[in-house]
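Residue numbers (the numbering used here): 6 to 153. Here's the structure we're looking at; comments come further down.
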Amino acid sequence: MFENFKEIITNSAAETAKLGGSLALKIKGGEVICLAGDLGAGKTTFTQGFLRALGVEGAITSPTFVVIKNYTLLTSVLELENIYHIDTYRVGEQDLLDLGWEEMIANKKNVIIVEWPEKIEKIIPEGAWWIDFNLLNETQRKISSNLF
Ligand code: ADP
Ligand code: MG
């Protein structure tokens, strides 16, 4: 499980976004990507870089208040249909199930990014990708995963 486990220190928001962009190149469709870590640790910043790398234009803001944001891609990257950016900070497992979680994760042409996966751990599928974010100081974050 800890094979290829890496800890990366980023020194700016831009570096964290760039790391997100590098992960975007590894997706094949059907991934559930779990971004764990405290408030301000860089999960949304990472997601912005991830989505930009896939060609998403315009504002990419935190889904904290809307729970789920859905991005469709103009270009057909891997024929992906939807990228869902989910923030479970204010909700729980049942809310996600009510919002169509099972259908979302069953479609291999979807990619799902979850902030606060700890809050819905019971419904995260086996084989989900996990990344841990740690706030070190004002400008540095430690980002740990076996995915990089
Ligand atoms: P989260 O979604 O985990 O709550 P955000 O990405 O929304 O975190 O916020 C991270 C904040 O920290 C942003 O204001 C960003 O500019 C700032 N920041 C400073 N240094 C970094 C870094 N190395 N990586 C990511 N964000 C950073
Ligand atoms: Mg966030």
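Quick reminder that beta carbons are idealized off the backbone N, C-alpha and C, glycines included.
Between the C-alpha atoms of residue i and residue j, what's the straight-line distance to the nearest angstrom?
i           : j           : result
residue 109 : residue 132 : 15 Å
residue 39  : residue 93  : 11 Å
residue 87  : residue 145 : 31 Å
residue 52  : residue 118 : 8 Å
residue 78  : residue 8   : 33 Å
residue 43  : residue 140 : 7 Å
residue 36  : residue 115 : 7 Å
residue 26  : residue 71  : 24 Å
residue 2   : residue 97  : Lying before the first or after the last residue shown, residue 2 is absent from the chain, which here runs from 6 to 153.
residue 105 : residue 90  : 14 Å
residue 125 : residue 107 : 13 Å
residue 85  : residue 102 : 22 Å
residue 60  : residue 21  : 17 Å
residue 100 : residue 63  : 28 Å
residue 56  : residue 65  : 8 Å
residue 10  : residue 152 : 7 Å
residue 16  : residue 111 : 36 Å
Does DSSP put residue i in a helix, in a strand, or in coil?
i           : result
residue 22  : helix
residue 137 : strand
residue 45  : coil
residue 17  : coil
residue 82  : helix
residue 65  : coil
residue 128 : helix
residue 54  : helix
residue 110 : helix
residue 102 : helix
residue 30  : coil
Can you name the residues that DSSP bridges to residue i?
i           : result
residue 94  : DSSP lists no partner for residue 94.
residue 150 : 11
residue 142 : BP columns for residue 142 are empty, so no partner.
residue 75  : 89
residue 117 : 37, 89
Since residue i and residue j should fall inside the 8 Å C-beta cutoff, what is the C-beta to C-beta distance between them, to a whole number of angstroms?
i           : j           : result
residue 113 : residue 12  : Not confirmed; about 30 Å, so no contact.
residue 24  : residue 54  : 7 Å
residue 29  : residue 50  : Not a contact, Cβ separation roughly 14 Å.
residue 130 : residue 41  : Not confirmed; about 15 Å, so no contact.
residue 128 : residue 150 : Incorrect: roughly 21 Å between the Cβ atoms, too far for contact.
Neighbouring residues (CB closer than 7 Å to any heavy atom of the ligand MG):
If you measure from each CB to the nearest heavy atom of the ligand MG, the residues under 7 Å come out as 48, 49, 67, 69, 92, 120.
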